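Each protein sequence line maps, in turn, to chains Z and R.
Just so you know, the working numbering puts the end of the first sequence at 889, numbered straight through with nothing missing.
Just so you know, the working numbering puts the end of the second sequence at 889, numbered straight through with nothing missing.
There are 2 protein chains.
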Amino acid sequence: MTVSIKDIAKAVNISYSTVSRALNNSPRVKLETRELIQRKAVEMGYLPSAIARSLVTRRTNTIGVVVTKITDLFFAEVIQGIEETAVIRGYSVILTNSDGKPDYELAAIQTLRERRVDGIILVAACASTEAKQQLFASPEIETPIVIINNVHQQHVGYSIETDNLGGGQVATQHLLDLGHRRIAYIAGPSSEWDSVERQQGYEQALQAVGLALDPALIARGNNFAQGGLIAMQQLLALPDPPTAVFCYNDVTALGAMRAAYAVGRRVPQDLSIVGFDDIALAPYFEPPLTTIAQAKREMGEKAVQTVLDLLAGEPVVEKWVLPSTLIVRESTGVFGGSKT
Amino acid sequence: MTVSIKDIAKAVNISYSTVSRALNNSPRVKLETRELIQRKAVEMGYLPSAIARSLVTRRTNTIGVVVTKITDLFFAEVIQGIEETAVIRGYSVILTNSDGKPDYELAAIQTLRERRVDGIILVAACASTEAKQQLFASPEIETPIVIINNVHQQHVGYSIETDNLGGGQVATQHLLDLGHRRIAYIAGPSSEWDSVERQQGYEQALQAVGLALDPALIARGNNFAQGGLIAMQQLLALPDPPTAVFCYNDVTALGAMRAAYAVGRRVPQDLSIVGFDDIALAPYFEPPLTTIAQAKREMGEKAVQTVLDLLAGEPVVEKWVLPSTLIVRESTGVFGGSKT
DNA sequence: TTGTAAGCGTTATCAA
DNA sequence: TTGATAACGCTTACAA
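Printed below as a string of structure tokens:
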């Protein structure tokens, strides 16, 4: 049923090796036979088999991506960046979901390797550091692996990160500049290193102006709005609640705002909120969210580029740290703004 | 470098066909040699080549997905449904982005076919109806194609849809029940048939209670919050503005709410809003959004199931229409609620 | 229970 | 400029 190179060869009565050359536009075949063959190919509805080609070229032109959660808006934008640059470079993307489970992640990598993907990109790699080290150190270093947003502290292999520390500092500094002194941090999952780094930035900013750290002002959220909501409820129940909150990410911030509104606190008059990520919906939150933007698409782009460079044997930078930038919108206001 | 079945054969001094059988747990090989071979395989770090296997089995255990926009929360959840059920069934997913461009979509399908995916799922297929008909009618009907949310009216091939008409009716009826009489509809892109169907549901609900349709109450948005925002501004500028708005989707609703807030209108006291989709963030909007839920994951599941059934030659239903259900939250209130 | 050999659809290396 | 032919790594009759 599927027409192959041999069928075409038979149809035009030429050896199939010549057909192969003609189809690949090799200059080593006479123009007119080349055209004849190509015409016949489309006429017969020929579709080359990438599978067969891969077997001999040992390249699949495929990049495997494993992500912890596809529906996370931040990841979705990173993946978009990956997919777009991959396609431009002639690669396809195999996407798998690890659901944040290290063993799923490892299993997914295994599957991708069986499929002989040319490279693997881990978005928010959650496998243990040892497991990751093994991935990179293994004798079959064949498949390049690049990590976007390592979940753990220790750096292994090639990675693309955001300047979380700087982002945390800038966010906190912004709140300090507005006159806030009781500033809380709603963290992400305890396991995530990016949350720790953002918290470190927060702490450094506070200490830089001589403010003592109050452990009561650190609440733990998760990767969902619900986590931000609950954390915020706890903060608001404090005897001396914060007047401003820096959140692990935008979704957390959304949950936090919801909790504030639910008890009649207004943002930013009564409470200032800063997020992280700058997801596409952030400008439409009520009020539009002040946040720290990550270079989401660029992360995807850089990851693909790194994989391709690795494949080409070109020099690559081991660890990219992309800048995070403050985007001031309306969820932050001067301390005491409610009195105005 | 990569160890193959032959390397193992050599290592244990057994023919490689036996090795193949042993690795596939064929009962046709003595238990002890099977164990010997399997032990040796892991010892040598053998990773089967899915490529080589596919070449002979003519199955890649791969499903190609082409989606118009990965970062759309609705699509992301559908894709999650696809990916999860695919993995469970032993399939991998190749994801491509069409960016809503028909020619990209067709090109993506072409690529997927070259990769010999076992089936293709089009999420919000945007190619022209003729192009789609050709896809289904083509002589090489080999690769099953299933469409989730056809963008056009005409039904072709196999598809999974949501009950858009019913959803539009229920949403509008909900607003009517609350006493609203001037109800607007903010549509999606004019090209999208689902928006047309939702609008039809809206119109039917109005007509059922004897209300005349006012063309001024139909505004056009797009797939982004910004479209909802602009459309809402237009509606609010009307001499006799609506007291309630049914929106093409949740993101549109978010933009609409933003526009309302920006001019001091409160939701739901001054204006009731209903969305469509029930994306994960909808409960955290300010106020939490009343909306029509689509069975997003199920759509993905059903699509994969249909592809697999088609592959197995089993009977499949040509067109699934999944129910849409009203989720009442806080963005809708009784007409005149602002006076309370 | 094991081995031999053909073949999947290409590319690539030689010769001609 | 073209043609044989050998891979690529596997599955699968068919034989032994």
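Quick reminder that beta carbons are idealized off the backbone N, C-alpha and C, glycines included.
In this text, all values refer to a predicted model and were calculated from it rather than measured experimentally.
Apply the 10 Å Cβ neighbour rule to residue i and answer buried if 16 or more other Cβ atoms are within range, or exposed otherwise.
i	result
Q659/Z	exposed
G759/R	exposed
E863/Z	exposed
R577/R	exposed
E746/Z	buried
F685/R	exposed
M550/Z	exposed
T606/R	exposed
V877/R	exposed
S603/R	buried
E835/Z	buried
P788/Z	exposed
Q843/R	buried
A831/R	buried
Can you tell me where the alpha helix (DSSP H) with residue i in it begins and where it stops?
i	result
R662/Z	651-663
I631/R	622-637
A558/R	554-561
T874/Z	Not the alpha helix (DSSP H): T874/Z falls in the beta strand (DSSP E), residues 874-876.
K589/R	580-592
Considering only C-alpha positions, which residue in the set the options is nearest to residue i?
i	options	result
A829/Z	F623/Z, R608/Z, I637/Z, R638/Z	F623/Z
D540/R	A809/R, G862/R, N698/R, G728/R	Residue numbering for chain R in the displayed model covers 550 to 889; residue 540/R lies beyond these limits and cannot be assessed.
R662/R	C675/Z, S598/Z, K555/Z	S598/Z
C675/R	V636/R, Q629/R, K618/R, T721/R	K618/R
Q682/R	A673/R, Q703/R, G668/R	Q703/R
D556/Z	L585/Z, V578/Z, M593/Z, E581/Z	M593/Z
A786/R	A768/R, F773/R, L803/R, F795/R	A768/R
F795/R	R807/R, E850/R, S564/R, A736/R	A736/R
I563/R	V552/R, T551/R, L585/R	L585/R
I670/R	A686/R, S575/R, I631/R, G649/R	I631/R
A625/R	Q783/R, G849/R, A842/R	G849/R
H701/R	S739/R, R665/R, V666/R, D667/R	S739/R
Y797/Z	P693/Z, D743/Z, V705/Z	D743/Z
N771/R	D799/R, N610/R, Y751/R, D763/R	D799/R
E633/R	G649/R, T611/R, T620/R	T611/R
G777/Z	I841/Z, D621/Z, A831/Z, T801/Z	T801/Z
A560/R	N573/R, N574/R, R588/R	R588/R
G668/R	S641/R, T678/R, I841/R	S641/R
V552/R	A774/Z, I643/Z, R665/Z	R665/Z
Ordered along the chain, which non-local residues of its own chain (more than five positions away) have a Cβ less than 8 Å from that of residue i?
i	result
R638/Z	V853, L857
T881/Z	H723, L724, L727, A793, P817, S821, I822, V823, T839
A680/R	P651, L655
T567/R	A558, V578, T582, I586
G715/Z	G750, P872, S873
Q783/Z	A768
Q756/R	L762
Starting from residue i, trace the beta strand (DSSP E) in both directions and tell me its first and last residue.
i	result
T645/Z	641-646
G849/R	Run containing G849/R: none in the beta strand (DSSP E); it sits in the alpha helix (DSSP H), 845-861.
L727/Z	L727/Z -> no beta strand (DSSP E), and no H or E assigned at all.
I619/Z	Neither: I619/Z is in no beta strand (DSSP E) and is coded neither H nor E.
A733/Z	732-736
V870/Z	868-871
A601/R	Taken as a continuous stretch (DSSP letters only), A601/R belongs to no beta strand (DSSP E), being part of the alpha helix (DSSP H) at 599-606.
L671/R	668-672
A571/Z	First-last for A571/Z: 565-572, but that is the alpha helix (DSSP H), not the beta strand (DSSP E).
A842/Z	839-842
So, for residue i: in the same chain, excluding its five sequence neighbours on each side, which residues have a beta-carbon less than 6 Å away from its beta-carbon?
i	result
A793/R	L724, H729, I732, S821
D712/Z	V870, P872, S873
T889/R	Low confidence applies here, because T889/R scores a pLDDT of 47, under 50, leaving its location unreliable; read the following figure in that light. Contacts found: none.
I554/Z	Y565, V568, S569
I'd like the list of long-range same chain contacts for residue i, defined as Cβ closer than 7 Å, with 5 residues on each side in sequence excluded.
i	result
G886/Z	P817, Q818
A657/R	V615, T645, S647
V627/Z	V672, I697, K845, M848, G849
V883/R	L727, G728
L875/R	V719, A720, H723, I841
Going along the chain, which unbroken runs of the alpha helix (DSSP H) with 4 or more residues stay wholly within the segment 678-717 of chain R? 678-686
May I have a chain-ordered list of the beta strand (DSSP E) segments no shorter than 3 residues that lie completely inside the segment 751-835 of chain R? 767-769, 793-796, 821-826
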